[in-house]
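Sequential numbering from 101 applies to the sequence shown in the working numbering.
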Amino acid sequence: EGDRQACKVIKGSRWLLLRSKRNIESQDDRIRLYDLLEANRNLMKVYVLKEDMKQLWDFRYPKAAKRFWKDWYRRAMQSGIEPLRRFAKRLKPTYQASWPTAAIGCTPVSWKGSTTRSR
101 EGDRQACKVI
111 KGSRWLLLRS
121 KRNIESQDDR
131 IRLYDLLEAN
141 RNLMKVYVLK
151 EDMKQLWDFR
161 YPKAAKRFWK
171 DWYRRAMQSG
181 IEPLRRFAKR
191 LKPTYQASWP
201 TAAIGCTPVS
211 WKGSTTRSR
């Protein structure tokens, strides 16, 4: 029964999880998101990594982007969440091929296609 209730809460809050943290304006929604993430450790790990990945496009220097990517990838692989590990493994070859582009704030089509297919 507890798992069913947890699934309902997560399903009902899916749009909150998909929105960018900075775009959640309502205090009630922020509290719901916090409570949801607090109640589910794996969900929190995935959410934090999702939000962190957005920073990748802000780097101006390839070396900084590469360092950030390696740290993100390490955290994803150590998360213990198999779907997240598979996602990171799928991104690795595509991202490594686009270091310079990623580092100047562009989103290569191949990168975007790779992330879209994994949803």
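Glycine included, each C-beta is placed from N, C-alpha and C at the ideal position.
Check, Outcome
"Status (buried if at least 16 other CB within 10 Å, exposed otherwise) for residue 191", "buried"
"Cβ shell of residue 151 (< 8 Å), same chain only, five flanking positions each side left out", "120 and 121"
"Buried or exposed by the 16-neighbour rule on C-beta atoms within 10 Å, applied to residue 161", "exposed"
"For residue 175 and residue 189, the rounded distance between their alpha carbons", "12 Å"
"Residue 193 to residue 128 span [Cα, whole Å]", "40 Å"
"Backbone secondary structure at residue 164 - three-state DSSP", "helix"
"Rounded separation between residue 177 and residue 184 - CA only", "8 Å"
"Enclosing alpha helix (DSSP H) for residue 187 [first to last residue]", "182-196"
"Continuous alpha helix (DSSP H) stretch holding residue 133: start and end", "127-139"
"7 Å Cβ cutoff met for residue 124 and residue 132", "no"
"Test item: CB-CB of residue 156 and residue 147 under 7 Å", "no"
"Under the three-state DSSP convention, the category residue 119 falls into", "coil"
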